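Note sheet for the following structure.
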Amino acid sequence: AVPRIVAIADQVLAVLQAAHAHGIVHRDVKPANLFVTTGADGSAIVKVLDFGVSKLADGHDGELTKTDVLLGSPYYMSPEQMDSSRSVDGRADIWSLGVILYQLLTGRLPFRGAAITEVVREVLLTQPKPPSVLVPGLPPAPAAPDNRSKETSAAHPPAGSTRRLRHSRSSVRCRSTPWG
14 AVPRIVAIAD QVLAVLQAAH AHGIVHRDVK PANLFVTTGA DGSAIVKVLD FGVSKLADGH
74 DGELTKTDVL LGSPYYMSPE QMDSSRSVDG RADIWSLGVI LYQLLTGRLP FRGAAITEVV
134 REVLLTQPKP PSVLVPGLPP APAAPDNRSK ETSAAHPPAG STRRLRHSRS SVRCRSTPWG
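Per my numbering, the sequence shown starts with residue 14, numbered consecutively.
Put into structure tokens, the structure is as follows:
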């Protein structure tokens, strides 16, 4: 299962990297927007769908981003996106993919709640258990960032995090994820 998850993540990262290189931030990376099919050789082929709430690097997103509108799916949103969808960059997409990876690896979301406000509180104030704690046999993740501070948030890793996440795929570890 882990090799298939890594193969899927690698393809999603390639798409996100291409979008980010063109100044496009998806802002709604979630399982429902990832279409996975099987190629003739049996390998997974992933398509990233629904760029409907995406943002261009120049900040143009039409009338979509207003101060009273929450864009994205709260379970998969970075702390910065919860604060302001207008000001996010590609690192918010990497955070969202990290949430998906956490869910695929552990079978549960890292941040849960019955209402949007509960999910927001969880993302901002809690640190989920590393996947290796929940799933025996997974390699341990590096030290997790503190979600309560924008300066140390996983949505604000150093530049080049997409590339580093792609290179770290063999060990299924990354500092650009909700858990570390």
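C-beta atoms are modelled at their ideal positions from N, C-alpha and C, and glycine is treated no differently.
Just so it is clear, the structure is predicted and the values come from calculations on it, not from any experiment.
Looking at the secondary structure, which residues open and close the alpha helix (DSSP H) in which residue i lies?
{"i": "A22", "result": "V15 to A34"}
{"i": "V101", "result": "From DSSP, V101 is part of no alpha helix (DSSP H); its letter is neither H nor E."}
{"i": "V132", "result": "I129 to L138"}
{"i": "P92", "result": "P92 to D96"}
{"i": "P144", "result": "P144 to L147"}
Name the DSSP bridge partner or partners of residue i?
{"i": "A57", "result": "T51"}
{"i": "V42", "result": "Looking at the DSSP assignment, V42 forms no beta bridge with any residue, so it has no partner."}
Should residue i and residue j be called a contact, given that it needs their Cβ atoms to be closer than 7 Å?
{"i": "V38", "j": "V133", "result": "no"}
{"i": "I21", "j": "A45", "result": "no"}
{"i": "P144", "j": "L151", "result": "yes"}
{"i": "D106", "j": "L26", "result": "no"}
{"i": "G103", "j": "H33", "result": "yes"}
{"i": "T109", "j": "V42", "result": "Residue 109 is actually Ser in this sequence, not Thr. It is a contact, given that the beta carbons lie within the stated cut-off."}
Identify which residue in the options has its Cα closest to the Cα of residue i.
{"i": "Y88", "options": "R104, D63, L62 and Y115", "result": "Y115"}
{"i": "M95", "options": "G103, L137 and L117", "result": "L137"}
{"i": "R195", "options": "S86, P153 and V49", "result": "This structure cannot speak to residue 195, because the chain is shown only from 14 to 193."}
{"i": "V148", "options": "T130, D54, R121 and A127", "result": "R121"}
{"i": "T139", "options": "P92, V49 and V42", "result": "P92"}
{"i": "A14", "options": "T119, P153, V146 and A127", "result": "T119"}
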